[in-house]
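This note's numbering applies: residue 2 is where the sequence shown begins, and numbers increase by one. Beta carbons are placed, not taken as given, at the ideal position from N, Cα and C, and that holds for glycine. Below you'll find the structure, written out as structure tokens, and then a few comments.
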Amino acid sequence: MADIQLHNTLSGKIENFVPQKAGEVRMYTCGPTVYDYAHIGNYRTFVFQDILRRFLKLRGFKLNHVMNLTDVDDRIIANAAAAGKSIRDYTAKFVQAFFDDCKTLSIEEPAHWIRATDHIDDMVKLIQRLQKKSFTYPGDGSIYYRIAKFPEYGKLSKIDLTGIQAGARVDNDRYEKESARDFALWKAPKPGEHFWETAIGPGRPGWHIECSAMAMKYLGETLDIHTGGIDLAFPHHENEIAQSEAATGKPFVRYWLHAEHLLVEGEKMSKSQGNFFTLRDLFAKGYKPSALRFALASVPYRKQLNFTFDGLQQAASSVERLRNFADRLKRGKFSAGKQEGMATRTAKAAEDFDAGLADAAVLEFLATFDKVFAVVEDNDGEKLRTLGYGSGGSGPSDEEIDRLVAERNAAKKRRDFATADRIRKELADRGIIIEDAKDGSVRWKRK
Ligand SMILES: [Zn+2]
2 MADIQLHNTL SGKIENFVPQ KAGEVRMYTC GPTVYDYAHI GNYRTFVFQD ILRRFLKLRG
62 FKLNHVMNLT DVDDRIIANA AAAGKSIRDY TAKFVQAFFD DCKTLSIEEP AHWIRATDHI
122 DDMVKLIQRL QKKSFTYPGD GSIYYRIAKF PEYGKLSKID LTGIQAGARV DNDRYEKESA
182 RDFALWKAPK PGEHFWETAI GPGRPGWHIE CSAMAMKYLG ETLDIHTGGI DLAFPHHENE
242 IAQSEAATGK PFVRYWLHAE HLLVEGEKMS KSQGNFFTLR DLFAKGYKPS ALRFALASVP
302 YRKQLNFTFD GLQQAASSVE RLRNFADRLK RGKFSAGKQE GMATRTAKAA EDFDAGLADA
362 AVLEFLATFD KVFAVVEDND GEKLRTLGYG SGGSGPSDEE IDRLVAERNA AKKRRDFATA
422 DRIRKELADR GIIIEDAKDG SVRWKRK
């Protein structure tokens, strides 16, 4: 098999992937900040990392994968305080929605889902390590990271640090490159806001220390792969490197992988532009999870993805074609003459494919393809029903359809065409299309 090659943001180059321990990959993904429903731009990154992890598994790697939930940050603290709720209560709804969405998009679960609020102790300990090595200084009850003490600062995002004043600091968790400053590891409590009493004083962690502490706790001091959206490269990941490497003296991550932005109809997605979509917005418009997953995976992750409704429609057709193809293969609907050409094409698609095996091998290849892309298996209706959306919400169950189709077959057999037509119409009205094949077999699908 070909070597695995990954583009590493750190080197700016494509590198051969070799994990530290043969056969095992330690991977960390920055999960969502659960202050709202995640949007399709977020899910582009999560689908990307899902395809990566499925691919690594397919290649036989044992995966130790951690994804965090950022359930404490500036926005959550502010929103929870405004709503008069605890952090747990405020974020519960969005955490559940994220889990549901991932399941709906066939995003596999990592080995560990972890929450920042369960790891405050680990963050405090990491800050203490940095204090001992003089990488920190206090200011107004907060604790800041001294970037001048870490000469490699900027190596991930290639930021130019000339002109940055030593000692100038920033309190926000999210800021632009132009505002690169000493950042907060620990934030002093503000009136009315939640805080923790700890060995380093009362307060709450900054966003960046959360990921450093949690990643190293579960994956060791050097990770194989760290993924995230490109917007996280600076300052978040740059700061993760500064914190972790200053504390341990070891490389924090060997391969950094970042997914590019998503545009909607060529524009930046924003609530004020009215082009901001969560998954639920799209399911409510009648789009299927598989089409969305296919659309989000359809452009290489390092290229901007221009999400359009035309494209989503095309993705739906592509999935439909793949499913029909799989279905026809399963039913042996290809004549002998066609198999040769198909085998050739499949062999081209999968290098290690045994071209002589025609149908069975093509099916096997499709199954392999689906282990990574997860769209061929048709479970959209079930997923949408679970979330209470679309025709999936009111459509008949598979069992009921099978029963009605059998009734119709029986009616046709006894030449009771009126009954057969009535059943066909009833199913059509409920969103089920019946197709009669030339050989007398019958298949159905949901509209
Ligand atoms: Zn993170």
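What residue range is occupied by the uninterrupted alpha helix (DSSP H) comprising residue i?
i, result
"Leu306", "Taken as a continuous stretch (DSSP letters only), Leu306 belongs to no alpha helix (DSSP H), being part of the beta strand (DSSP E) at 306-308."
"Arg409", "399-414"
"Arg281", "280-285"
"Thr420", "418-430"
"Thr249", "239-249"
"Leu297", "290-298"
How close, in whole Å, do the beta carbons of residue i and residue j come, if the pair is a contact with beta carbons under 8 Å?
i, j, result
"Ile434", "Lys448", "6 Å"
"Thr309", "Glu266", "5 Å"
"Met124", "Glu211", "6 Å"
"Ala214", "His66", "Incorrect: roughly 17 Å between the Cβ atoms, too far for contact."
"Arg423", "Gly396", "19 Å between Cβ atoms; not a contact."
"Ile108", "Arg60", "With 8 Å as the limit, Ile108 and Arg60 do not qualify as a contact, their Cβ atoms being about 19 Å apart."
"Asp225", "Pro20", "5 Å"
"Ala285", "Ala317", "Not a contact, Cβ separation roughly 16 Å."
"Phe184", "Pro236", "7 Å"
Going by DSSP, what residue range makes up the beta strand (DSSP E) through residue i?
i, result
"Glu211", "No beta strand (DSSP E) contains Glu211, which is instead part of the alpha helix (DSSP H) from 208-220."
"Lys457", "Examination of residue 457 is not possible in this model, given that the chain is present from 2 through 448 alone."
"Asn69", "63-70"
"Tyr44", "No beta strand (DSSP E) contains Tyr44, which is instead part of the alpha helix (DSSP H) from 41-59."
"Ser87", "From DSSP, Ser87 is part of no beta strand (DSSP E); its letter is neither H nor E."
"Glu436", "433-437"
"Ser143", "143-146"
"Lys384", "No beta strand (DSSP E) contains Lys384, which is instead part of the alpha helix (DSSP H) from 381-388."
"Pro139", "137-140"
"Ile15", "14-17"
"Val26", "25-30"
"Thr118", "Element bounds for Thr118: n/a, residue is neither H nor E."
"Leu184", "For the record, residue 184 in the displayed sequence is Phe; it is not Leu. Its beta strand (DSSP E) spans residues 183-188."
"Gly396", "Run containing Gly396: none; DSSP gives neither H nor E here."
Within the present structure, is the beta-carbon of residue i separated from the nearest heavy atom of ligand 1 by less than 8 Å?
i, result
"His262", "no"
"Asn380", "no"
"Glu239", "no"
"Leu70", "no"
"Trp114", "no"
"Leu224", "no"
"Leu233", "yes"
"Glu246", "no"
"Gly229", "yes"
"Cys212", "yes"
"Cys31", "yes"
"Trp208", "yes"
Residue j and residue i - do their beta-carbons sit closer together than 9 Å?
i, j, result
"Leu306", "Thr105", "no"
"Asp173", "Asp102", "The sequence as given places Asn at residue 173; Asp does not occur at that position. No."
"Asp381", "Pro290", "yes"
"Val300", "Arg205", "no"
"Thr228", "Pro252", "no"
"Phe47", "Ala39", "yes"
"Ala234", "Ser158", "yes"
"Arg147", "Thr118", "no"
"Ala243", "Tyr154", "yes"
"Leu70", "Ile115", "yes"
"Tyr29", "Met2", "no"
"Tyr44", "Leu280", "yes"
"Ser87", "His8", "no"
"Asp141", "Ala84", "no"
"Ile52", "Ala298", "yes"
"Ala181", "Ala167", "no"
"Leu264", "Tyr288", "no"
"Ala375", "Arg294", "yes"
"Leu11", "Val254", "yes"
"Gly230", "Gly42", "yes"
"His209", "Glu241", "yes"
"Gly193", "Ala82", "yes"
"Ala248", "Leu330", "no"
Given 8 Å as the limit, tell me if residue i has its C-beta closer than that to any heavy atom belonging to ligand 3.
i, result
"Lys269", "Annotation note on ligand 3: not contained in the displayed structure, which lists ligand 1 as its ligands."
Worksheet item: Are the segment 162-181 and the segment 244-262 touching, with three or more C-beta to C-beta distances below 8 Å?
Response: Three or more Cβ pairs closer than 8 Å define a contact, and the segment 162-181 falls short of that threshold against the segment 244-262.
Worksheet item: Would you say the segment 56-69 touches the segment 79-95, given that touching needs at least three Cβ pairs under 8 Å?
Response: Segments in contact, no.
Item to complete: Could you say if the segment 427-444 and the segment 401-408 meet the contact criterion of at least three C-beta pairs nearer than 8 Å?
Response: Contact holds: three or more Cβ-Cβ distances are below 8 Å.
Worksheet item: Do the segment 311-322 and the segment 121-138 meet, that is, are 3 or more Cβ pairs less than 8 Å apart?
Response: Contact fails between the segment 311-322 and the segment 121-138, because fewer than three Cβ pairs, one in each stretch, are under 8 Å apart.
Discussion item. Quick check: the segment 270-287 against the segment 16-34, are at least 3 beta-carbon pairs closer than 8 Å?
Written reply: Fewer than three Cβ pairs drawn from the segment 16-34 and the segment 270-287 lie within less than 8 Å of each other, which leaves the two stretches out of contact.
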